[in-house]
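Input: a single structure, listed below in structure tokens.
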Amino acid sequence: MAQLMNMPRMWSFGVALGLIVGGLTLVDKSRGQRSFVARSEPFTIAGVVAKPRHHELRAGTVAQLLNRRFTNVVIFDLRSAAEFAVSHLPRAVHVNAELTAEAFVAQYGGAMQDRVVVFYCTAGVHSGAFVAVVERELVMAGARSVHSLKDGVIGWANDGRWLHDAHGLTSTVHPGHADLVPKLRTPMLARFEAR
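Okay, structure coming up:
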């Protein structure tokens, strides 16, 4: 019974915490615009520290998009050049992590006509925030839809999906942090590594 009496207080605390932690974006539904709260400098991919709400796709869904022969999917890797060199998703295009959202739309927006656009980073945090900022502009530029890969390249690897580097398939997920980041291990890849 005591728990029921405390529910409004707990609920209020939960809402306040959700607004503080998860409420990075404000949405003006009348104009369909999103903007970051208290943003004093230009938004960059590398400058995001929390995960807003956005359209996430699971690793299996992205893999299905990549496996379709005539799909118009384009995948952008928002990690550092060093991380991209260690491993990346098939067909991924590396984007400079310091690129502003406005510069990204100016550079790539024209090529997004009728495309499904997927962004990813290490764990889905930066890519999710980036999607929140560029989604509307990319859809206006003709993109079919804009998404973030749920849990980033780590989620992709944990789902048993293949990664690539400049030489082909790789089991390495991320430079360094071997104790924190799992490595992709499948029987087929183990045979590949034994060569």
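Counting in our numbering, the sequence shown runs from 96 upward without gaps.
C-beta: ideal position from N, C-alpha, C; glycine also.
Item: Do A192 and L161 have their C-beta atoms closer together than 9 angstroms?; Value: no
Item: Distance check for Y215 and H150, CA to CA, integer angstroms please.; Value: 12 angstroms
Item: Any chance you could list the alpha helix (DSSP H) runs of at least 4 consecutive residues sitting entirely within the stretch 210-259, in chain order?; Value: 220-235 and 247-253
Item: From the DSSP secondary-structure annotation, give me the bridge partner or partners of T166.; Value: T166 pairs with nothing; no bridge assigned.
Item: Between which two residues does the alpha helix (DSSP H) containing V200 stretch?; Value: A196 to Y203
Item: I want to know whether the stretch 215-235 touches the stretch 246-257 - three or more CB-CB distances under 8 angstroms.; Value: yes
Item: Roughly how many angstroms separate the alpha carbons of R239 and H262, rounded to a whole number?; Value: 32 angstroms
Item: By Cβ distance below 6 angstroms, which residues in the same chain neighbour I140 in space, the five residues on each side in sequence not counted?; Value: Residue confidence for I140 is low, a pLDDT of 48 falling below 50, so the modelled location carries little weight; the figure read from the coordinates is stated next. L173, A192, H221 and F225, listed in sequence order.
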